[in-house]
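Taking the numbering used here, the leading residue of the sequence shown gets 37, the next gets one more, and so forth.
Here is the structure we will look at.
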Amino acid sequence: MVDTDRIVGGAKEALGKVQGAAGDVVGSNRDSVEGRFRDAQGQAQNAYGQAKDTARDVADRASDYASDAYDRAGDYASDAYERSGSYLREGRAAVGARVEENPMVALLIAGAVGYGLALLVHGRR
37 MVDTDRIVGG AKEALGKVQG AAGDVVGSNR DSVEGRFRDA QGQAQNAYGQ
87 AKDTARDVAD RASDYASDAY DRAGDYASDA YERSGSYLRE GRAAVGARVE
137 ENPMVALLIA GAVGYGLALL VHGRR
């Protein structure tokens, strides 16, 4: 989308060139200087409009990139959540199978873990 400053600036620039050329042809120093001034104003306003267009385009692109990153992060998080559920089920089944095979070893491991946690929580006195 073209900024209105670009349109107005282009019109001022064109009119300024015409007025400056007409002043040169007629020999009017005042019209020539005024035309050059209007031309410079138009160039400045056109440059300002271009800068606004560029800033708007950069902001739009940044917004698009951020939106895409957010969507990808959401997809990644939902995939990770789904995989974690299957990993949990597989791990639970594997631990259950080991406990059924060796209940005494499982009991000793659980006791050692409990003792280690008690030491961490209460410390040695």
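The beta carbon of each residue, even a glycine, is placed where N, CA and C say it ideally should be.
ask   = When DSSP labels each residue in this structure, what does Ser99 get in the three-state scheme?
value = helix
request  = Compare the C-alpha of Gln77 against each of Ser103, Glu118, Asp41 and name the closest.
outcome  = Asp41
query = Hey, quick one: how far does the alpha helix (DSSP H) through Asp41 stretch, first residue to last?
reply = 40-62
ask   = By a C-beta neighbour count over all protein chains shown, 10 Å radius and 16 as the cutoff for buried, is Asp75 buried or exposed?
value = buried
Straight-line gap, Gly159 to Gly152 (C-alpha atoms, nearest Å) = 10 Å
query = Which two residues bound the contiguous alpha helix (DSSP H) that contains Gly147?
reply = 139-158
inquiry  = Suppose you measure from the CA of Glu49 to the CA of Val69; what does that come to, to the nearest Å?
reply    = 13 Å
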